[in-house]
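2 protein chains.
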Amino acid sequence: MTVDAVVSALRATLGERGVLTTPEDRARFETGWRYGKGTACCIARPASTAEVATVLRVCGEHGVRVVPQGANTGLVASSTPDASGTMVVLSLERLNRTIELDVAGRTVLVDGGVLLSQLNQELARHGFWFPVDLGADPQLGGMVATNTGGTRLLRYGDVRHNLLGVEVVLGDGRVLTQLNRLRKNNTGLDAKHLFVGTTGVFGVVTRAVLQVAPLPKQRSVALVACRDGDAVLALLTALEADLGDVLSAFEVMSANAVAAVLAHQPNLRRPFAELPRYAVLVELSSTLPADTLVLDAVLEARLGAFLETAGDAVLDVLVGKGDEFWQIRHHISESLRSEGKMLAFDISVPRSALPAFTADVERLLARDWPAVRLCDYGHWGDGGTHLNLVWNEATIGRAAAEVIAALQPSIYELAVRGYAGSYSAEHGVGPHNQRYYDLYTDPLVKQFCALLGGFCDPQDRLGTVRLE
Amino acid sequence: MTVDAVVSALRATLGERGVLTTPEDRARFETGWRYGKGTACCIARPASTAEVATVLRVCGEHGVRVVPQGANTGLVASSTPDASGTMVVLSLERLNRTIELDVAGRTVLVDGGVLLSQLNQELARHGFWFPVDLGADPQLGGMVATNTGGTRLLRYGDVRHNLLGVEVVLGDGRVLTQLNRLRKNNTGLDAKHLFVGTTGVFGVVTRAVLQVAPLPKQRSVALVACRDGDAVLALLTALEADLGDVLSAFEVMSANAVAAVLAHQPNLRRPFAELPRYAVLVELSSTLPADTLVLDAVLEARLGAFLETAGDAVLDVLVGKGDEFWQIRHHISESLRSEGKMLAFDISVPRSALPAFTADVERLLARDWPAVRLCDYGHWGDGGTHLNLVWNEATIGRAAAEVIAALQPSIYELAVRGYAGSYSAEHGVGPHNQRYYDLYTDPLVKQFCALLGGFCDPQDRLGTVRLE
Chain A
1 MTVDAVVSAL RATLGERGVL TTPEDRARFE TGWRYGKGTA CCIARPASTA EVATVLRVCG
61 EHGVRVVPQG ANTGLVASST PDASGTMVVL SLERLNRTIE LDVAGRTVLV DGGVLLSQLN
121 QELARHGFWF PVDLGADPQL GGMVATNTGG TRLLRYGDVR HNLLGVEVVL GDGRVLTQLN
181 RLRKNNTGLD AKHLFVGTTG VFGVVTRAVL QVAPLPKQRS VALVACRDGD AVLALLTALE
241 ADLGDVLSAF EVMSANAVAA VLAHQPNLRR PFAELPRYAV LVELSSTLPA DTLVLDAVLE
301 ARLGAFLETA GDAVLDVLVG KGDEFWQIRH HISESLRSEG KMLAFDISVP RSALPAFTAD
361 VERLLARDWP AVRLCDYGHW GDGGTHLNLV WNEATIGRAA AEVIAALQPS IYELAVRGYA
421 GSYSAEHGVG PHNQRYYDLY TDPLVKQFCA LLGGFCDPQD RLGTVRLE
Chain B
1001 MTVDAVVSAL RATLGERGVL TTPEDRARFE TGWRYGKGTA CCIARPASTA EVATVLRVCG
1061 EHGVRVVPQG ANTGLVASST PDASGTMVVL SLERLNRTIE LDVAGRTVLV DGGVLLSQLN
1121 QELARHGFWF PVDLGADPQL GGMVATNTGG TRLLRYGDVR HNLLGVEVVL GDGRVLTQLN
1181 RLRKNNTGLD AKHLFVGTTG VFGVVTRAVL QVAPLPKQRS VALVACRDGD AVLALLTALE
1241 ADLGDVLSAF EVMSANAVAA VLAHQPNLRR PFAELPRYAV LVELSSTLPA DTLVLDAVLE
1301 ARLGAFLETA GDAVLDVLVG KGDEFWQIRH HISESLRSEG KMLAFDISVP RSALPAFTAD
1361 VERLLARDWP AVRLCDYGHW GDGGTHLNLV WNEATIGRAA AEVIAALQPS IYELAVRGYA
1421 GSYSAEHGVG PHNQRYYDLY TDPLVKQFCA LLGGFCDPQD RLGTVRLE
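Protein chains in written order, with the working numbering: chain A, 1 to 468; chain B, 1001 to 1468.
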């Protein structure tokens, strides 16, 4: 039988520890952190680049599909196996020893299986951090493959912006080594970009060279109550003009989103007596020491001046209590889940279009689904909006699947075709949004992917999403 | 005859103004700003994306090669025709009308033929700039195709880091439109990267969407006299830890380079009585207004403190006179040319390796070419060094070509193989460094290029460099 044969062949090279087969051992690899669940034939845990290549060759010979897996924290189910019980999960968790920091170069070479927290712990000892800042604790290889973004993208960019080099094992076991530690290397095609955001379908990222950033010495946070989306944009434009160098987060939370947090997190205090349409979390941070610049004072003064000129577009400003404000922001997702049925989105549109796009969604709901609540929040500085919808199944009298089937495609259509936006701003592509990839991807881009896939993974053994 | 036939066919669609054929009209397209010279059969000047596609189709039908050309300011001869008189230069200069700024989005859509100066003039009216800062005045499409860097890369990144979307006409006339204005769009292969830095061999960049930056409100410049390369790196590390948010240039100039400037630019003042091994130009700039932060004071205090702890590694610090210091920096290249024969380099190595690499070059020269002077300077913050060599032909008693043939390959070999560096840090690839591309490019990367070239430009009509 194929399963037995592939397990034996993998054991022969990876040893006992390198291959897990029992349901108990497989369990944590088969279920994603939040989404995704399936059954694998086994878990292969190579501990070196050469072993990763062997796993891919062995699986190719046995005609078995392979799911590369980092910390399994993705949100589109791309790192979990399907239900067939025939796929091999290739976990990078044992490829996690190298963290080689070059202090004067301000770069670090890491194994693909190193956790973000593990890297940041090491970097902090030298006054650095890797500033792609997420709610989860992914592995660096997975972060490259999914090009994660996060709440400080506005300031530091996504993984791609901080990536100098990669080592990738292609689908058929060949190894592409481009472990440059160079900030400037302008010599034709920069091949690493083929493996960023393509979810491991062309190859498995086994090592990466990253640029790291000096740790900020101070932070200052405010919460600004805005009347509407236009006021939010005016605030963003004003802040960037003066404080662009030190603005590190600009997170927007609707009244419905904040109300859900307050309802489900009794230990969190209500920030405003009356919740505004949008509460904006503004964070400044800087490497500059406090004897040169006091961020709290700068933020307070700038927001005070803005409040005076903004008329009733800005209702209130609270400076300080950064932890409390971030707590509210970080609890939105789980609080909304507790409210009832939820349909989550990870949309982006040009950020100047966020108010108009959101208003269109509100009109659509008011007309066709008045009992569905819009609880939007997100990274407006980057044009991102988690436009989550919440409803009570009993009130609405229809199955959740029916509501989702009606609303999801029309909101994506509005975002992508109506506002030149994206159906996946930062979560990447996977089985959960494959149909929207198929629908919205330029045919020429699919042809590029078919070409690259045919070259990198000629037997088509790798990954859970189809890009061609 | 082919030339007549292709000119007639191009005239039929582009009109009289769209095709230049006389030697006088062709001259400025046939000679590069600094390097590159050839003879074209004609100059095609399409004024729209559709016309660019037509030019490529017509040339394909007539079996004629095409050289895409921006402002012809490149330094590797990739935008000038060869000597055959059979190539068509495809100039983008008439595709220069669109500069569509989205203020709240902080993005701009530009035609490929728009000049950097033209864009920055328009942006300045709204408090923005495009911060890829160069000595030349290139077109934006050319900047994408060659992924230009410049003196502020340390702070703002290269073109790639600021590029959101592109429109490209492939070699056979198909149009790929990816004019996203999105900062977050994580939906598989980001195909624009195939056309960044690949010098137009896969397609011609006709439009681009760029992220722009708020204009700084203040700048402060200092010149620091360092004993050696290790002192330069210590200074860089100290500055980034505290002033990383506002450090916008870190340019290093050897005593030999500064001496050449002083010898040939009599109006420039000698900054230090005794020229140090390295004079470092440090620039801070910030969007923060002067009532929150005074950069001059911050820079003076920080450098003063560094001077106290650095012992005799740092010899002197001059703050202010930014224009004078930048003048010295900007005159190095031409001053060295006036010194005698010159061999120029555009090398990068991991920046922590710059002192060791430079010392190795010095030893190599001392041993084999004692009459050749090392006049190095460059963007040490990015690991870049223009390691220019200067000599007097009479003293050395050999033809310049002979010296170059001996030194160029061995210094590239030392940089690329000895120090994991690059033979082209920011100038890109073109006929001038084709042989080093061939020598140092990973065979797998060449195979990717062959694959992409076969798809984008199946008749192989485009460009002056071969990437496969």
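The C-beta atom is built at its ideal place from N, Cα and C for all residues, glycine as well.
By the criterion of Cβ-Cβ separation under 7 Å, what are the contact partners of residue i in chain A?
| i | result |
| --- | --- |
| R1351/B | A104, G105 |
| A1400/B | Going along chain A, no residue has its Cβ under 7 Å from A1400/B, so there is no contact; the nearest lies around 26 Å. |
Since residue i is in the beta strand (DSSP E), which residue starts that stretch and which ends it?
| i | result |
| --- | --- |
| A225/A | 218-226 |
| R1337/B | Looking at the DSSP string, R1337/B is not in any beta strand (DSSP E); the run it does join, the alpha helix (DSSP H), is 1332-1339. |
| L1315/B | 1314-1319 |
| N1120/B | Where N1120/B is concerned, there is no enclosing beta strand (DSSP E), although the alpha helix (DSSP H) it sits in stretches over 1116-1124. |
| R476/A | Missing from the structure shown is residue 476/A; chain A here goes from 1 to 468 and no further. |
| R1207/B | 1203-1211 |
Residues of chain B with CB closer than 8 Å to the CB of residue i, please, in chain order.
| i | result |
| --- | --- |
| L233/A | A1104 |
| H161/A | G1157, H1161 |
| H427/A | N1186 |
| V144/A | What V144/A touches in chain B: nothing, since even the nearest Cβ is about 12 Å away. |
| Y437/A | T1187, G1188 |
So, helix, strand or coil for residue i, using DSSP?
| i | result |
| --- | --- |
| K1037/B | strand |
| R435/A | helix |
| Y1377/B | strand |
| L109/A | strand |
| A400/A | helix |
| Y1412/B | helix |
| S1079/B | coil |
| D1102/B | strand |
| V1166/B | strand |
| H427/A | coil |
| Y1278/B | strand |
| G1200/B | coil |
By how many angstroms is the C-alpha of residue j removed from the C-alpha of residue i?
| i | j | result |
| --- | --- | --- |
| T1054/B | D1460/B | 16 Å |
| V390/A | C375/A | 7 Å |
| S117/A | E100/A | 15 Å |
| H193/A | Q1139/B | 24 Å |
| N185/A | V205/A | 20 Å |
| E1093/B | R34/A | 52 Å |
| D1111/B | C449/A | 27 Å |
| T1385/B | D312/A | 54 Å |
| A472/A | V1282/B | Since the first and last residues shown for chain A are 1 and 468, residue 472/A lies out of range. |
| I404/A | I411/A | 10 Å |
Which residues of chain A have a Cβ atom closer than 8 Å to the Cβ of residue i, listed in chain order?
| i | result |
| --- | --- |
| P1289/B | D242 |
| C1449/B | G188, L189 |
| V1246/B | D245, L288 |
Would you mind working out which of the options sits nearest residue i, comparing C-alpha positions?
| i | options | result |
| --- | --- | --- |
| Q69/A | T80/A, H62/A, A47/A | T80/A |
| L95/A | R207/A, V64/A, T198/A | R207/A |
| D4/A | E30/A, A40/A, Y35/A, A359/A | A40/A |
| S352/A | L1336/B, V1108/B, V1067/B | V1108/B |
| R435/A | T464/A, T86/A, G384/A, P458/A | T464/A |
| C1042/B | G1036/B, W1033/B, G1018/B | G1018/B |
| A356/A | R337/A, D457/A, D228/A | D228/A |
| C1226/B | V1209/B, E1030/B, V1280/B | V1280/B |
| R181/A | G200/A, Q211/A, G197/A | Q211/A |
| V361/A | W326/A, A415/A, G311/A, R329/A | A415/A |
| A1359/B | D1190/B, D1102/B, S1254/B | S1254/B |
| T146/A | A77/A, V103/A, R174/A | A77/A |
| A263/A | E339/A, G383/A, S424/A, V66/A | E339/A |
Assuming residue i is part of the alpha helix (DSSP H), what are its boundary residues?
| i | result |
| --- | --- |
| D1368/B | 1354-1368 |
| F250/A | Where F250/A is concerned, there is no enclosing alpha helix (DSSP H), although the beta strand (DSSP E) it sits in stretches over 247-254. |
| T54/A | 49-61 |
| P1068/B | Run containing P1068/B: none in the alpha helix (DSSP H); it sits in the beta strand (DSSP E), 1066-1069. |
Could you list which residues in chain A have their beta carbon closer than 9 Å to that of residue i, in chain order?
| i | result |
| --- | --- |
| D1442/B | L176, T177, Q178, A191 |
| S1422/B | N180, L182, K184, N185, N186, T187 |
Please list the partners that residue i has in chain B, where partner means a Cβ-to-Cβ separation under 9 Å.
| i | result |
| --- | --- |
| D382/A | L1182, R1183, K1184 |
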